[in-house]
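The sequence shown begins at 485 in our numbering and counts up one residue at a time.
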Amino acid sequence: SPMAYIREIPLDELSDKARELYVKNQAQLGHVPNYLKAFAHRPEVFSAWGQLLGAIRGNMTPRRYELVTLAAAGALRSTYCMLAHSAALLRSQLFTEDEVSAIARDYRTAGLTRAEVAMMAFAEKVTREAHTVTAARSIRASRDHRAPTKPRWKRSVRADDCFVCRLCAVWCSRPTDAFCPSSRCSA
Numbered sequence: 485s486p487m488a489y490i491r492e493i494p495l496d497e498l499s500d501k502a503r504e505l506y507v508k509n510q511a512q513l514g515h516v517p518n519y520l521k522a523f524a525h526r527p528e529v530f531s532a533w534g535q536l537l538g539a540i541r542g543n544m545t546p547r548r549y550e551l552v553t554l555a556a557a558g559a560l561r562s563t564y565c566m567l568a569h570s571a572a573l574l575r576s577q578l579f580t581e582d583e584v585s586a587i588a589r590d591y592r593t594a595g596l597t598r599a600e601v602a603m604m605a606f607a608e609k610v611t612r613e614a615h616t617v618t619a620a621r622s623i624r625a626s627r628d629h630r631a632p633t634k635p636r637w638k639r640s641v642r643a644d645d646c647f648v649c650r651l652c653a654v655w656c657s658r659p660t661d662a663f664c665p666s667s668r669c670s671a
C-alpha cells in the first residue's frame with residue numbers, strides 16, 4: 485500500500501542496499517514492513533538504527549525488551565508499534581495471545597511480576613515525560629524492583645523506539661497488513 489507522505493520506491497528502482505534489506509526482511513518476517521519501505525530512501529539510516537537496536541537488545545532479555553518497548557509504544561499511541569511488538573511477543577512464545585492482549589490493554593492488571601509492571605511504568609514515564617526523570621529516582625526504582633539494567637540504558641531504549649514510532653507517524657505509515665488488515669487499522 486502506498487505511503488501517505490513519501491513516495492514508495494518501486495522494486496525495480498531500489499538501491500542495492502535497500503533491495504538487500506527487503507530480501508532479508510521478507511525471509512525473516514514473510515513480508516516487507518511498511519516502515520522499511522519508507523526507510524528505503526535512506527537504507528544507511530535503517531542500518532544504523534539496526535546497529536543501535538542490536539546494542540540495546542544485547543543487554544536485555546527478549547521478554548524485558550519487548551515489554552518495555554510495548555509500554556513506550558502505548559505511551560506514544562502508536563498502533564503500528566503496538567501491533568509489531570505484540571506480534572514479536574507472540575512469535576517469541578513468551579506469552580499466549582490472551583496474555584499479550586491483556587498486557588496491551590493494561591499491563592498493570594495482566595499478571596506480570598511487580599518488577600515488570602514497574603519497568604513498564606518507568607518506560608511510559610520516560611517516553612511521555614523524560615524531562616521529569618532524575619538519576620536518583622531512576623536508580624531508586626531500579627533497586628526497589630531489582631531491575632538490573634542501568635537507568636540511562638532504559639532511556640536509550642525509549643529514545644530508539646520513540647524515534648521510529650514518531651517517524652512512522654510523520655510518514656503516516658499504516659501498520660503492515662501482516663499486523664492489521666487495511667479494513668481494520670489506520671496509522
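Glycine included, each C-beta is placed from N, C-alpha and C at the ideal position.
State yes or no: is the C-beta of residue i within less than 9 angstroms of the C-beta of residue j?
| i | j | result |
| --- | --- | --- |
| residue 611 | residue 556 | yes |
| residue 584 | residue 570 | yes |
| residue 548 | residue 600 | yes |
| residue 594 | residue 566 | no |
Suppose you measure from the CA of residue i to the CA of residue j; what does that come to, to the nearest Å?
| i | j | result |
| --- | --- | --- |
| residue 592 | residue 586 | 9 angstroms |
| residue 502 | residue 526 | 8 angstroms |
| residue 608 | residue 558 | 8 angstroms |
| residue 496 | residue 534 | 24 angstroms |
| residue 515 | residue 574 | 17 angstroms |
| residue 539 | residue 578 | 22 angstroms |
| residue 613 | residue 494 | 39 angstroms |
| residue 560 | residue 596 | 21 angstroms |
| residue 580 | residue 602 | 21 angstroms |
Which stretch, first to last residue, makes up the alpha helix (DSSP H) that contains residue i?
| i | result |
| --- | --- |
| residue 564 | 563–576 |
| residue 604 | 598–613 |
| residue 538 | 527–541 |
| residue 493 | Per DSSP, residue 493 belongs to no alpha helix (DSSP H) and is neither H nor E. |
| residue 552 | 546–560 |
Keeping to the same chain, check which residues put their C-beta closer than 6 angstroms to that of residue i; ignore five residues upstream and five downstream.
| i | result |
| --- | --- |
| residue 546 | 576 |
| residue 604 | 551, 555, 591 |
| residue 615 | none |
With a threshold of 8 angstroms on Cβ separation, who are the neighbours of residue i within its own chain once the five nearest residues in sequence on each side are excluded?
| i | result |
| --- | --- |
| residue 520 | 505, 506, 509, 530 |
Near residue i, what residues of its chain come up, given a Cβ to Cβ distance below 7 angstroms and the 5 sequence neighbours on each side ignored?
| i | result |
| --- | --- |
| residue 499 | 527 |
Residue i CB to nearest chain B CB: under 9 angstroms?
| i | result |
| --- | --- |
| residue 493 | You won't find chain B in this structure, because it holds only one protein chain. |
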